[in-house]
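Novice:
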Amino acid sequence: MKITGVICEFNPFHKGHEYLLESLRSRGAELIVCAMSGSFVQRGEPAIADKYTRAAMAVMCGADIVLELPFPFCAASAEYFAAAGVAVLSATGVNTLGFGSECGDIEALLAAAGVVAGRDFAECYRRRCLEGEGAAAAYFRAFREVAGHDMPSGSNDILGLEYIKAARRAGAGLCFETIKRVGSAYRSGEVDSDMPSASAIRKLILTSGVGSVNRYIPEAAIRPLGAAFERGTAPADIYNAERAILAYLRLGSPEALRDTAEGADGLGDRLHRAALCSAGLDELLDRASAKNYTDTRLRRAVLFCLADVKKADLKRWPDYTLLLAANRRGLEYLKKIRGKTKIPIITKPADVRALGEGAARQRYLSERADALWTLMLQSPAPAGELARAKPVILKGD
506 MKITGVICEF NPFHKGHEYL LESLRSRGAE LIVCAMSGSF VQRGEPAIAD
556 KYTRAAMAVM CGADIVLELP FPFCAASAEY FAAAGVAVLS ATGVNTLGFG
606 SECGDIEALL AAAGVVAGRD FAECYRRRCL EGEGAAAAYF RAFREVAGHD
656 MPSGSNDILG LEYIKAARRA GAGLCFETIK RVGSAYRSGE VDSDMPSASA
706 IRKLILTSGV GSVNRYIPEA AIRPLGAAFE RGTAPADIYN AERAILAYLR
756 LGSPEALRDT AEGADGLGDR LHRAALCSAG LDELLDRASA KNYTDTRLRR
806 AVLFCLADVK KADLKRWPDY TLLLAANRRG LEYLKKIRGK TKIPIITKPA
856 DVRALGEGAA RQRYLSERAD ALWTLMLQSP APAGELARAK PVILKGD
């Protein structure tokens, strides 16, 4: 049985994502399992809608099972994001990993992954960073120096390389398929095609309302997204909590900030000092910025400070994953593998009690993340709002 896995954010699910799932299905996927970011995404920002809504949208448009890519991995750098996603999917029996890419050339990506996983590349990259090059520039230039040609350089190309590296490192034995991206560029903030990026869709939602994006969302997914807005579990926006963020960074001890996952090499102290003289989040990020601190790393550092994420939390495998949504075909498969998965699949946070100390730590971090996320809604919700939610189950295939 060909079981295809997808590591994703679906923030929100749109027609480009539908195209990806349809393309994977046309290549013979008999079951599609998604490992999807929960309340926060890789840029260290809140997902625009709650995780159950986004998962339901995916199952209504081609996925069979959506599992949570747990916090803090879902908000971590590409290496940890990819490793956790591969771990969750391979533990559930996935044998093929599918992803979108700008180049659409799986052979080129497999070859490039071999280069960036090698010692020569690691040494060259480290040397360039020590010489003062920014991390991104050093990465691409090191590849060219070692391989003799440029690497696939799109955002999804780079993420695809990390998926391949993570699977090889874990000995997951996965096959890989890539689908060439269509529509706007991944990070494009403008609605410049019939398939704009998720970034552009989020921007349009926040400025013009959810109804303004209906033409870019698959028809089956419009209703659940609209329902989330009606009940108040969307939209989430980090700026709704910027005073709370500034207060935490101002009043927290520099030592505690320094001890968080992204707070080393002076960044924790830098955020504390910046918070003391900043009146808003943008000013904070601007004051804390430096050549070796990208905007994404700064946002991630802020989030990890607030959520109390330590470096050790990223060095371990996920201890469990939460079922967010499934259809009838997905449920039948889950029944077959019940109790046999290397990473337990739970349906409610209370199930964690039976899983041990590591799972308790993961639940603690997840609860902090969800509590933060509910503060970022237009009308803040209680901290335990998401803990009471149940998986979305669709009766059809």
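The sequence shown lines up with residues 506 to 902 when you count with the numbering used here.
No residue lacks a Cβ here, since even glycine has one placed at the ideal position from N, Cα and C.
1) With S595 as the anchor, note down where its alpha helix (DSSP H) starts and where it stops.
2) Check for me: the alpha helix (DSSP H) holding F648 runs from which residue to which?
3) Whole-angstrom Cβ separation of I851 and Y825, contact assumed at under 8 Å?
4) For the beta strand (DSSP E) containing V511, name the first residue and the last one.
5) Specify, as a first and last residue, the run of the alpha helix (DSSP H) that M562 falls within.
6) Using a Cβ-Cβ cutoff of less than 7 Å, which residues in the same chain neighbour K900 once the five nearest sequence positions on both sides are dropped?
7) Out of curiosity, what's the CA-to-CA distance linking A746 and I710?
8) Taking buried to mean at least 16 other C-beta atoms within 10 Å of its own C-beta, is S702 buried or exposed?
9) Does V593 have its Cβ less than 8 Å from a Cβ in chain C?
10) Report the rounded CA-to-CA distance for L891 versus G771, giving the unit in angstroms.
11) Are the CB atoms of V593 and D569 within a distance shorter than 8 Å?
12) Could you tell me which of I684, L790, Y744 and Y557 sits nearest to L526, measuring between CA atoms?
13) Can you name, in chain order, every residue of its own chain whose Cβ lies under 6 Å from the Cβ of G757, other than the five neighbours on each side?
14) Using a 10 Å radius around the Cβ and a threshold of 16 neighbouring Cβ atoms, would you call N516 buried or exposed?
15) Return the first residue and the last residue of the beta strand (DSSP E) that T601 is part of.
16) Where does the unbroken beta strand (DSSP E) through K685 begin, and where does it stop?
Specialist: In short, the structure shows the following:
1) Here the question's residue 595 lines up with position 90 in the sequence shown. First-last of the alpha helix (DSSP H) with S595: A583 to A596.
2) Residue numbering aside, residue 648 sits at position 143 when the sequence shown is read from its first letter. A640 to A652 is the extent of the alpha helix (DSSP H) around F648.
3) Taking the first residue of the sequence shown as position 1, residue 851 is located at position 346. Taking the first residue of the sequence shown as position 1, residue 825 is located at position 320. That pair is a contact at about 5 Å.
4) If you number the sequence shown from 1, residue 511 lands on position 6. It spans I508 to C513 - the beta strand (DSSP E) in which V511 sits, taken as one unbroken run.
5) Here residue 562 refers to the residue found at position 57 when the sequence shown is read from its first residue. Residues K556 to V564.
6) Against the sequence shown, residue 900 aligns to sequence position 395. The residues are R833.
7) Indexing the sequence shown from 1 puts residue 746 at position 241. Indexing the sequence shown from 1 puts residue 710 at position 205. Each residue's alpha carbon lies about 18 Å from the other.
8) Position 197 of the sequence shown, counted from the first residue, corresponds to residue 702. Burial call: buried.
9) As a matter of chain content, chain C is missing from the structure shown, which is built from one protein chain.
10) The residue labelled residue 891 in the question sits at position 386 within the sequence shown. The residue labelled residue 771 in the question sits at position 266 within the sequence shown. L891 and G771: Cα-Cα distance of roughly 34 Å.
11) As a position in the sequence shown, residue 569 is number 64, starting the count at 1. As a position in the sequence shown, residue 593 is number 88, starting the count at 1. No.
12) By one-based count along the sequence shown, residue 526 stands at place 21. Taking only the C-alpha atoms, the option nearest L526 is I684.
13) Taking the sequence shown and counting its residues from 1, one reaches residue 757 at position 252. Nothing meets the Cβ criterion.
14) For the purposes of this step, residue 516 is identified with residue 11 of the sequence shown, where counting begins at 1. Answer is buried; the Cβ neighbour count reaches 16.
15) One-based indexing of the sequence shown puts residue 601 at position 96. That run of the beta strand (DSSP E) goes T601 to S606.
16) The residue given as residue 685 occupies position 180 in the sequence shown. C680 to K685 is the span of the beta strand (DSSP E), which, as asked, contains K685.
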